[in-house]
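Colleague: To convert, count from 1 in the sequence shown and add 212; that's this note's numbering.
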Amino acid sequence: MAIVYPTLENIERLKVKPEEGEWHLIKYLEEHLDDSHEIFFNPSLNGDRPDIVILKEDSSIILIEVKDWNLAAYSVNENNKWLELNNKTKICSPHAQVFKYKDQLYNLHLPRLGLKYLEDRRFYRLVDCYVYFHNANSDRLESFYGAAKSANYQEKEEQHNLMREKSGDKAFQYQSKYEKSQNYLRNNSDNLSRDLNMSFGRNNLSALITKIIRLPLTNKPPFDQEIYHDFKRRFCPSDHTLKQGIIVGLDNKQLALSESKVGLEKVKGVAGCGKTTILSQRAVNSFRRHGQRVLILTFNITLRRFIEDKLSDVQGKRNLEPFDITNYHQFYNSQINNTGQIWDDLVKEHTLEKLYETDIFKGHSTITYDTILVDEVQDYDCSWVNIIKKRFLSKDGEMVLFGEESQTIYNREAPFKSVAVKGFGNWNKLSRSYRTSYDSPLNQLFQDFQHEFITKKYIEASIFEAKSGQLGMAFSVIAYVPVIDQNWENRVFDFIKDFTALYSLHPNDIVIICGRKRMLRRLEYLWSQEEKTNFMLASYEDLSKILNMKIDKIMSLDAPDASLLHKDVREKIVKTDRLKKQMFYPNSGKIKFSTAHSFKGLESKTVFYIMEDSDEPELVYTAVTRSSENLVIFDVGCNNMCTQFFKSSPLLSEKYLS
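1) I'd like to know whether the C-beta atoms of Asp875 and Ile276 end up nearer to each other than 8 Å.
2) For the segment 540 to 556 against the segment 838 to 853, are there 3 or more C-beta pairs whose distance is under 8 Å?
3) With contact counted as at least three CB pairs below 8 Å, one residue from each stretch, are the segment 801 to 820 and the segment 705 to 725 in contact?
4) Looking only at DSSP bridge pairs, what is Val612 linked to?
5) Relative to the alpha-carbon of Asn222, which residue among Glu243, Lys300, Asn254, Asp764 has its alpha-carbon at the smallest distance?
6) So what does DSSP say about Met761, is it helix, strand or coil?
7) Given 8 Å as the limit, is there contact between the segment 518 to 537 and the segment 557 to 568, that is, 3 or more CB pairs closer than that?
8) From the DSSP secondary-structure annotation, give me the bridge partner or partners of Val278.
9) Whole angstroms are fine: how far does the CA of Asn512 sit from the CA of Glu617?
10) Could you tell me which residues DSSP puts in a beta bridge with Ser865?
11) I'd like the span of the beta strand (DSSP E) that includes Glu250, first residue to last.
12) If you draw a straight line from the C-alpha of Thr712 to the C-alpha of His718, how long is it?
13) Tell me whether Trp294 sits in a helix, a strand or coil according to DSSP, three-state version.
14) Answer yes or no: do His321 and Glu743 have a C-beta to C-beta separation smaller than 8 Å?
15) Check whether the segment 857 to 869 touches the segment 739 to 758, taking contact to mean three or more Cβ pairs, one atom from each stretch, closer than 8 Å.
16) Work out the CA separation of Arg647 and Leu683 for me, nearest whole Å.
17) Suppose you measure from the CA of Gly681 to the CA of Asp442; what does that come to, to the nearest Å?
18) Quick check on Pro218: buried or exposed, where buried means 16 or more other Cβ atoms within 10 Å of its Cβ?
19) Take Asp773 and list the residues in its own chain whose beta-carbon comes closer than 6 Å to its own, dropping the five residues that flank it on each side.
20) Please report the distance separating the alpha-carbon of Tyr357 from that of Tyr752.
21) Please classify Met213: is it buried, with 16 or more other beta-carbons within 10 angstroms of its beta-carbon, or exposed?
22) Helix or strand or just coil, what does DSSP make of Glu471?
23) Give me the residue from Asp247, Gly609, Lys574, Leu558 with the minimum Cα distance to Val506.
24) By the DSSP assignment, the alpha helix (DSSP H) with Met823 in it spans what residues?
25) Is Asp773 helix, strand or coil by DSSP?
26) Does the beta-carbon distance from Lys641 to Gly475 come in below 8 Å?
27) If you measure between the beta carbons of Ile424 and Ile251, is that distance less than 8 Å?
28) Here's the rule: buried if 16 or more other CB atoms are within 10 angstroms of the residue's CB, otherwise exposed. What is Val228?
29) Measure the alpha-carbon distance for Glu900 versus Asn699 and round it to whole angstroms.
30) In its own chain, which residues sit with a C-beta less than 7 Å from the C-beta of Arg838, not counting the 5 before and 5 after it?
31) Under a three-way DSSP split, which group does Leu322 fall into?
32) Please confirm whether Thr807 has its beta-carbon closer than 8 Å to some beta-carbon of chain D.
33) DSSP on Ser606, reduced to helix/strand/coil?
34) Is the Cβ-Cβ distance between Leu338 and Pro449 less than 8 Å?
35) Take the Cβ of Ser463 as the centre, count every other Cβ of all protein chains shown within 10 Å, and call the residue buried at 16 or more, exposed below.
See below:
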């Protein structure tokens with residue numbers, strides 16, 4: 213039997229279920245191909261999602277597009293153009309779609325394969341394409357294409373007869389047009405035959421199996437190991453895919469905190485302790501309890517998609533209708549509009565800096581919620597919590613604050629202090645991190661860091677539980693890399709590329725974190741030259757379009773001192789950055805680039821953290837604790853107050869840029 217990624221059991225758990233045809237074909241291929249064939253269902257390739265990919269080491273790659281279409285609703289003409297009959301609209305054919313995936317492999321997703329193709333054109337034959345029509349049989353496909361081929365033949369005959377009728381100068385003048393027309397029709401006829409030959413119905417899947425098995429016997433270029441491993445790294449499912457649909461298990465303490473009940477509570481805990489999972493389970497339980505909408509507030513707008521995923525995991529389906537998920541500032545702005553107040557007048561009266569800590573809703577009728585859950589409360593001003601509680605929580609309502617002081621990375625004049633927010637009682641503390649395995653050395657590293665830098669400032673901070681004695685080996689790399697060269701970006705870029713190839717890491721499982729936007733933009737620009745990225749900010753390419761400037765010009769203006777930029781330019785960049793954050797989806801299948809601030813609350817299997825001299829311990833802690841397995845710290849300048857800690861820790865291996 214063939215090997216399927218992810219497993220059939222895993223596919224059944226996916227939020228987006230396979231279509232009937234996809235499910236039938238996957239099971240058929242698994243049963244009728246041997247274990248030298250690796251089948252990948254709906255792999256994510258920098259945003260492209262082919263239905264099925266088959267990989268055979270030392271042999272070939274097969275792309276299969278699957279359609280459950282009723283062909284009676286479509287037609288194909290003599291020029292191989294598809295039409296949807298109901299609304300008479302042209303559509304992309306399934307064959308054109310799968311060929312586009314193939315081209316993208318060479319031109320975008322796999323640069324190594326693209327280079328091989330430039331050296332030797334035979335490499336284009338390394339990838340074969342097929343289309344499976346689940347609701348058609350071979351006879352229906354023949355008749356579907358037969359009409360188009362007949363029309364094509366008739367058109368060629370008409371053109372030929374028209375040419376025969378002409379003589380002398382008229383024939384000479386018409387010759388060029390006739391030849392072009394014949395070539396065009398001949399090419400379309402060939403393409404119609406090609407598309408029919410690569411199409412299979414439900415009754416002749418055995419013929420598809422025969423083709424796949426015989427592919428190694430055809431004249432193909434050598435499928436070397438580098439290409440094979442590059443393919444497999446890209447096609448293998450990410451951690452997010454493998455974990456989809458797994459019932460979220462909570463320990464007894466987490467389970468108690470997820471119970472919905474009237475009252476005010478506070479929950480804090482170490483990074484990865486399950487605060488967002490508890491919040492999501494409590495939100496679902498709250499809706500089940502009272503049947504009213506639940507308000508979920510964050511500070512980071514980037515967390516919205518992550519919370520949506522958690523809610524879907526908890527429910528076992530995607531139903532977000534009962535939940536209003538937003539951040540404090542957006543919620544405040546929307547309530548200004550809901551209460552009919554005038555924004556400009558409020559800013560003039562209170563100033564923009566003071567507006568959000570001012571209770572402007574007194575005397576206005578406001579929407580209230582039976583349940584309000586606040587994530588990242590350590591980044592809130594105390595006044596914000598009091599406004600939410602006083603104006604938007606129902607009488608006898610439920611409000612829970614979730615946070616952790618160790619991740620306080622915004623230097624506010626009035627940071628959140630629990631003593632200044634009355635009625636929420638003592639903190640419910642969580643110290644067990646489920647982000648990493650219990651015996652991972654990451655837990656010990658984070659605990660040591662807390663003792664060195666965090667507990668001296670935050671006396672009541674939750675401390676990581678770490679297994680004493682022999683640490684487990686269920687991890688890849690925890691490394692410290694000193695970076696002392698001034699022009700280091702290219703070497704760091706090469707290090708990360710080599711690392712991801714060496715450990716066969718899926719792009720979706722990687723995040724590159726940096727404290728400064730400018731540095732992050734420069735690194736993302738290098739990476740985007742080779743593959744698509746998932747960038748939390750506006751890239752240089754985005755800014756080039758918005759500012760109508762060449763990228764080189766923007767990079768020269770993007771100086772360390774942002775004040776050198778014109779005010780209008782700065783405002784456009786800030787606005788674009790904000791929009792990109794709202795569009796950010798943590799599981800797009802592409803490598804992620806983010807500031808530590810924007811990635812707070814999220815996690816990744818592999819974290820590459822660019823640490824600069826000015827990074828405060830809270831920011832460093834926030835960045836490194838995003839990792840669930842691999843952590844590489846690039847210490848730029850080697851003059852951070854945490855440098856000596858990382859350099860001397862026995863838990864990190866020291867590596868160097870080549």
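Using N, Cα and C, we set each Cβ at its ideal position, and we do this for glycine too.
Modeller: This is what the structure holds:
1) Any question about residue 875 goes unanswered here, given that the chain covers just 213 to 870.
2) With the rule of 3 Cβ pairs closer than 8 Å, the segment 540 to 556 does not count as touching the segment 838 to 853.
3) Touching, yes, given that three or more Cβ pairs across the two stretches are closer than 8 Å.
4) Per DSSP, Glu477, Leu585.
5) Taking the Cα of Asn222 as reference, the smallest distance to any Cα among Glu243, Lys300, Asn254, Asp764 is reached at Asn254.
6) DSSP places Met761 in coil when its eight states are reduced to three.
7) As far as the Cβ criterion goes, the segment 518 to 537 does not touch the segment 557 to 568, which means the pair count is below three.
8) Under DSSP, Val278 forms a beta bridge with Tyr344.
9) In a straight line, the C-alpha of Glu617 is about 16 Å away from that of Asn512.
10) Answer is Ala691.
11) Note, Glu250: beta strand (DSSP E), 249 to 253.
12) Using only the alpha carbons, I get a separation of about 8 Å.
13) In the three-state scheme derived from DSSP, where H, G and I count as helix and E and B as strand, Trp294 is classed as strand.
14) For His321 and Glu743, yes; Cβs fall inside 8 Å.
15) Contact fails: fewer than three Cβ-Cβ distances are below 8 Å.
16) Only weak support is given to the placement of Leu683: the predicted model assigns it a pLDDT of 49, under 50, and the value that follows is read from those uncertain coordinates. If I take the Cα positions, the gap works out to 16 Å.
17) Note that Gly681 has pLDDT 47, beneath the 50 cutoff, so the model's placement of it is unreliable and no number is given.
18) So Pro218 ends up on the buried side.
19) Low per-residue confidence applies at Asp773: pLDDT is 48, beneath 50, and the placement is therefore not dependable, though the value from the model is reported in the following sentence. In its chain, beyond the 5 residues on either side, no residue has a beta carbon closer than 6 Å to the beta carbon of Asp773.
20) Inter-residue distance for Tyr357 and Tyr752 is about 47 Å (C-alpha atoms, whole angstroms).
21) It is exposed - the Cβ of Met213 has fewer than 16 other Cβ atoms within 10 Å.
22) Correct three-state label for Glu471: coil.
23) Closest by alpha carbon: Gly609.
24) Taken as a continuous stretch (DSSP letters only), Met823 belongs to no alpha helix (DSSP H), being part of the beta strand (DSSP E) at 816 to 823.
25) Caution is warranted here: a pLDDT of 48 is assigned to Asp773, below 50, making its placement in the model unreliable, and the coordinate value is therefore given only provisionally. Of the three classes helix, strand and coil, the one that applies to Asp773 here is coil, per DSSP.
26) Cβ distance not < 8 Å, so Lys641 and Gly475 don't count as in contact.
27) Taking C-beta atoms as the reference points, Ile424 and Ile251 fail to come closer than 8 Å.
28) Burial is judged here by how many other beta carbons sit within 10 angstroms of a residue's own beta carbon; Val228 has fewer than 16 and is exposed.
29) The structure shown has nothing for residue 900, since the chain only spans 213 to 870.
30) In its chain, beyond the 5 residues on either side, Val723, Ile725, Phe811, Leu814, Glu815, Ser816, Val819 have a beta carbon closer than 7 Å to the beta carbon of Arg838.
31) Assignment of Leu322 by DSSP, reduced to helix, strand and coil, places it in the coil class.
32) The chain labelled as chain D is not found in the depicted structure, where only one protein chain is given.
33) DSSP places Ser606 in strand when its eight states are reduced to three.
34) Against a cut-off of 8 Å, the Cβ pair of Pro449 and Leu338 comes out as no contact.
35) The displayed chain sequence assigns Asp, not Ser, to residue 463. The residue is exposed, with fewer than 16 neighbouring Cβ atoms inside 10 Å.
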